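Residues 1 to 188 (the numbering used here) make up the sequence shown, in order.
Every residue gets a Cβ at the ideal spot worked out from N, C-alpha and C, and that includes glycine.
Quick caveat, the model's predicted, so the values are computed rather than measured.
Take a look at the structure below.
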Amino acid sequence: MALRNLIQPRELLYPSNLLTISRLLLLPATIYYMQRTDRRKRALLLLAITMITDALDGPIARRRGEVSKLGQILDPIADKALIDSAAVMLSRTRGFPWWATGLLIFRDVGILLAGLIVLRRKAQITTAESSGKLTTLAMTIAALLYLAGGPRWGKPALYAALIPFSLSFVQYGWRFIQIMRDDHPNAA
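Shown next as C-alpha cells:
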C-alpha cells in the first residue's frame with residue numbers, strides 16, 4: 001500500500017505533527033553543536049527542546065483528536081534519527097560507548113525495517129510500544145548527561161536505559177512475529 005493513500009495532506013498542519021517535524025529540522029543544528037566543545041550549552045538546549053517536543057506531540061494529537069498516520073510514521077523516525085545521531089556524536093566526542101551506539105542503531109534499523117514489512121504486507125502502521133517510548137526517554141536523558149558531564153554522569157543513566165531498551169527489543173520482535181503470523185491483513 002502506498003503511503004500517499006494513507007496520509008492526508010492536511011495532517012502536515014496538525015500542531016502535533018509540526019512539533020515532530022520541528023524535531024527533525026532541529027537535528028542538524030543539534031548534531032553540529034554536539035561536535036563543538038565550545039557550544040555544548042547550545043547542544044544541551046537543543047537536545048532538551050527536542051525531548052520536550054517528543055513529550056508533547058502525542059498528548060497534543062490525542063487531546064485534539066488529531067492522531068494521524070503521518071504522525072505515526074514521522075514520530076518514531078524523528079526519535080530514532082535523534083537518538084542514533086546523538087549516540088554517534090557522543091561516541092565520537094564524549095565517551096559514549098560505541099557498543100551502545102551499535103546496539104541502538106541495530107535495534108532501530110530493525111524496528112524501522114519490521115515496520116516497513118508490516119506496512120507493505122499487512123497495510124497497517126505499527127505503533128510504538130510503551131517500552132519503546134520509555135527507551136527513547138531514558139536514552140535521551142543518558143545523552144543529556146553524557147553531553148553535560150561525560151561518562152561520569154552519563155554511564156549510570158545509560159546502564160539504567162538498557163533495561164527498557166532490552167524489554168523493547170523483545171516486545172517489538174514478539175509483536176512483529178505475531179502480526180506476521182496473523183492471517184488477517186489489518187489486525188494489529
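In the same chain as Leu134, and ignoring 5 residues on each side of it, the C-beta atoms closer than 7 Å to its own belong to Pro164, in chain order. With at least 16 other beta carbons inside 10 angstroms of its own, Thr53 counts as buried. For Ala86, the CB contacts under 6 Å within the same chain, skipping 5 residues up- and downstream, are Ala143 in chain order. Annotation note: the segment 79-152 contains the following uninterrupted alpha helix (DSSP H) runs of length 4 or greater, listed N- to C-terminal: 98-122 and 130-149. Taking Ser22 as the centre and dropping the five residues before and after it, the same chain places the C-beta of Thr53 closer than 7 Å to its C-beta, in chain order. Contact between Gly132 and Ser168 is confirmed by a C-beta separation of about 4 Å, below the 8 Å threshold. With fewer than three CB-CB distances shorter than 8 Å, the segment 93-110 does not count as touching the segment 42-56. In this structure Gly71 is buried. Its beta-carbon is surrounded by 16 or more other beta-carbon atoms within 10 angstroms.
DSSP places Ser68 in the coil class of the three-state scheme, outside both helix and strand.
The segment 10-29 makes contact with the segment 75-82: 3 or more CB pairs, one atom from each, lie closer than 8 Å. Gly58 sits away from Gly95, with the two beta carbons spaced by 9 Å or more. In the displayed model, Asp182 falls within coil according to three-state DSSP, outside both helix and strand. When the Cα atoms are used, Pro9 and Ala123 turn out to be separated by approximately 19 Å. Taking each of Leu18, Ile141 and Ala78 in turn and checking the Cα distance to Leu162, the smallest one comes out for Ile141. The beta carbon of Glu129 lies closer than 8 Å to those of Ser168, Gln171, Tyr172 and Arg175 in the same chain, with the five residues before and after it left out.
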